[in-house]
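Engineer:
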Amino acid sequence: MIDTRLLDILVCPVTKASLTYNRETDELWCGASGLAYAVKDGIPVMLSDEARELTPAERESLRRRSESGP
33 MIDTRLLDIL VCPVTKASLT YNRETDELWC GASGLAYAVK DGIPVMLSDE ARELTPAERE
93 SLRRRSESGP
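To convert, take the position in the sequence shown, counting from 1, and add 32; that gives this note's numbering.
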């Protein structure tokens with residue numbers, strides 16, 4: 033789990049877009065870059081070279097989530 037106050041200030045290091053926390057994968061997802069940043073022991077690893085690419089299904093899930101609001 034990640035502190036919501038931290039999530040409010042974190043942005044994708046590649047695009048500077050906002051991030052969405054995914055509880056199931058314990059990652060921060062960026063729709064703009066299509067990258068997922070791991071959260072290890074409650075600490076986000078915000079390094080683009082350690083991020084993984086979101087799958088097409090994950091991108092769609094993120095798109096639907098953003099359309100439905102918070």
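The beta carbon of each residue, even a glycine, is placed where N, CA and C say it ideally should be.
Return the chain-ordered list of same chain residues with a C-beta closer than 7 Å to the C-beta of C44, the five sequence neighbours on each side being excluded.
Structural biologist: Taking C-beta separations shorter than 7 Å and ignoring five residues to either side along the sequence, the partners of C44 in its chain run L51, C62, A64, S65, L67, following chain order.
Engineer: Could you tell me the boundaries of the beta strand (DSSP E) in which E56 lies?
Structural biologist: Element bounds for E56: n/a, residue is neither H nor E.
Engineer: Between P76, T47, E90, which has its C-alpha nearest L39's C-alpha?
Structural biologist: P76
Engineer: Along the alpha helix (DSSP H) that carries A64, what are the first and last residues, could you check?
Structural biologist: Taken as a continuous stretch (DSSP letters only), A64 belongs to no alpha helix (DSSP H), as it is neither H nor E.
Engineer: Determine whether the beta carbon atoms of V71 and E59 lie at a separation below 8 Å.
Structural biologist: yes
Engineer: In chain order, what residues of the same chain lie with their CB nearer than 6 Å to the CB of S100, ignoring the 5 residues before and after it?
Structural biologist: none
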